[in-house]
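Engineer: In the numbering used here, the protein residues as written are 8 to 261. Glycine is no exception: its CB is placed at the ideal position from the N, C-alpha and C atoms. Because the structure is a prediction, the values reported are computed rather than measured.
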């Protein structure tokens, strides 16, 4: 729809669950990405995060030659690594965390869909030409992330490193770390009593009393329709629970 109004429109695709502390620096990096796409409209610009530690929860962007100040060619994209590989990435100094922030021109993105996802491209064109059929056509689009569908297949990719106080709070573990001063601290919301626990989050939206004793690295989330208990370092696997609930047709919980 944006492409129909203005094929040359520059679009930024950004996560809704990201924390940005230095908004002025983030705005500057976005403006640099916009300027880069204006100069090279057939390119996609990724905004990556300069890693501070070997994190296994993110994918990585491998940088190639520097094209201009703060702008690099992309050599490859790496899946979430094991800890040793993440340490190697950090030591080499030419990898960024993949924050899934992309800047592109509308017509360039459509062309990439045409080249790499032709069935999805046809559906997007149909939606563009017949917006009244959106509710009918949209569910037919393949459920695939844009980085797998397009970004990793495209040839003209650039990256800009960012340092603007970024964090992705897409799971309970990362949210917990944002809410406390140090990793060992506990976070509690609700009617909760703790004795001797470390690095534990208790988040309750019910009136139920919760007690924890000498727990470590634990996530407890209590809501009116369900209770989640998991190891902190497995909190990303909540997605697997959601998929299993879908398979079991537990629509009452979704």
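For residue 70, does the three-state DSSP call read helix, strand or coil?
Structural biologist: The answer is strand: DSSP assigns residue 70 an E or B state.
Engineer: Going by Cα to Cα distance, which pick from 246, 249, 129 is closest to residue 148?
Structural biologist: Of 246, 249, 129, the residue nearest in Cα terms is 129.
Engineer: How would you label residue 256, buried or exposed, when you count the other beta carbons within 10 angstroms and need 16 or more for buried?
Structural biologist: Under this definition residue 256 is an exposed residue.
Engineer: Whose CA, out of 200, 84, 219, lies closest to the CA of residue 160?
Structural biologist: It is 84 whose Cα lies nearest to the Cα of residue 160.
Engineer: Can you list, in chain order, the residues of its chain with a C-beta nearer than 7 angstroms to that of residue 78? Leave out the 5 residues immediately preceding and following it.
Structural biologist: Contacts found: 43, 165, 167.
Engineer: Count the other CB atoms, across all protein chains shown, that sit within 10 Å of the CB of residue 100; report buried if there are 16 or more and exposed otherwise.
Structural biologist: When all chains shown are included, residue 100 counts as exposed.
Engineer: Could you say which of 58, 226, 139 lies nearest to residue 178 if we only look at CA atoms?
Structural biologist: Here the closest residue by C-alpha is 226.
Engineer: Taking DSSP as the reference, what is the three-state secondary structure of residue 145?
Structural biologist: Helix, per DSSP.
Engineer: By Cβ distance below 6 angstroms, which residues in the same chain neighbour residue 237 in space, the five residues on each side in sequence not counted?
Structural biologist: For residue 237, where only same-chain residues beyond five positions count, the Cβ hits under 6 angstroms are 226.
Engineer: Considering only residues of the region 145-224, which uninterrupted alpha helix (DSSP H) runs meet the minimum length of 4 residues and lie entirely inside it, listed in chain order?
Structural biologist: Counting whole runs of 4 or more residues, the region 145-224 contains the alpha helix (DSSP H) stretches 153-156, 179-186.
Engineer: Residue 52 and residue 110 look like a contact to me (Cβ under 8 angstroms); what is the Cβ gap, rounded to whole Å?
Structural biologist: The pair is a contact, with the Cβ atoms about 4 angstroms apart (cut-off 8 angstroms).
Engineer: Runs of 4 residues minimum, wholly inside the region 13-93: which ones carry the alpha helix (DSSP H) assignment?
Structural biologist: Taking only runs of at least 4 residues, the alpha helix (DSSP H) segments lying wholly in the region 13-93 are 30-46.
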